[in-house]
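Asker:
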Amino acid sequence: MLALLFGGAGWIVFGGGKILAGSFLAWLVLHVGGTPADAVQPTVMYLLAFSNVTTYPMLALVLSACFVMVSQIKINITNAYAGSIAWSNFFSRLTHSHPGRVVWVLFNVTIALVLMEEGIHQTITFTLIAYSCIAASWIGALVADLTVNKPLGFSPAHTEFRRAYLYDINPLV
């Protein structure tokens, strides 16, 4: 039971704690006179926090750099793994073959490096904002269907998901 809680839904506790700690650090940066742009930079937040913990400025800088590196490595590994799952699922459904997860990890990381070197971040920011609005709208429609339409009988009472009946390529996209 404990493993299930900490391996699944229980992670919201840790995630919530991280959000609260990050919010506190952002508030701290603003409280000492930093700008809102400084308050969203992890290096500035960590440096301020570690400067209050130690009297050695170089140690505070090294600890800040280590925290930023560890968090960036964690984020990038998670994204590479999640991306490899998506590529693997897409191409295995399309070609009915699976060359292995390592191939898709390398493929995903290569694409990420090329896009990073091309400076695509500024261009893709607007696209991600638009996509997040669409995703939030879709989730809202799902919630409305489950909480309003189903209880009122406007849609079938049962929720059905049959992966075998999904198209290999989504014709709506």
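Using this note's numbering, read the sequence shown as starting at 945 and increasing by one per residue. Note that the Cβ used here is the ideal one computed from N, Cα and C, for glycine as well.
Could you check whether the region 987-998 touches the region 1006-1014, counting it as contact only if at least three pairs of C-beta atoms, one from each stretch, sit closer than 8 Å?
Answerer: The region 987-998 vs the region 1006-1014: in contact.
Asker: Which value, in whole angstroms, describes the spacing of the CA atoms of Ile-1021 and Ser-1028?
Answerer: Rounded to the nearest angstrom, the two C-alpha atoms are 10 Å apart.
Asker: Taking the alpha-carbon positions, what's the Ile-956 to Phe-1070 distance?
Answerer: In a straight line, the C-alpha of Ile-956 is about 28 Å away from that of Phe-1070.
Asker: From the DSSP output, in three-state form, read off Ala-1004 for me.
Answerer: Reduced to three states, the DSSP call for Ala-1004 is helix.
Asker: Enumerate in chain order the residues of its own chain whose CB-to-CB distance from Trp-1031 is below 8 Å, with the five nearest sequence positions on each side excluded.
Answerer: Taken in chain order, the residues that qualify are Trp-1048, Phe-1051, Asn-1052.
Asker: Would you tell me roughly how many angstroms separate the C-alpha atoms of Ile-1055 and Leu-1096, rounded to the nearest one?
Answerer: Cα-Cα distance, rounded: 47 Å.
Asker: Residues in its own chain within less than 7 Å of Leu-949 by CB, not counting five upstream and five downstream?
Answerer: Excluding sequence neighbours, Leu-949 sits near nothing in its chain.
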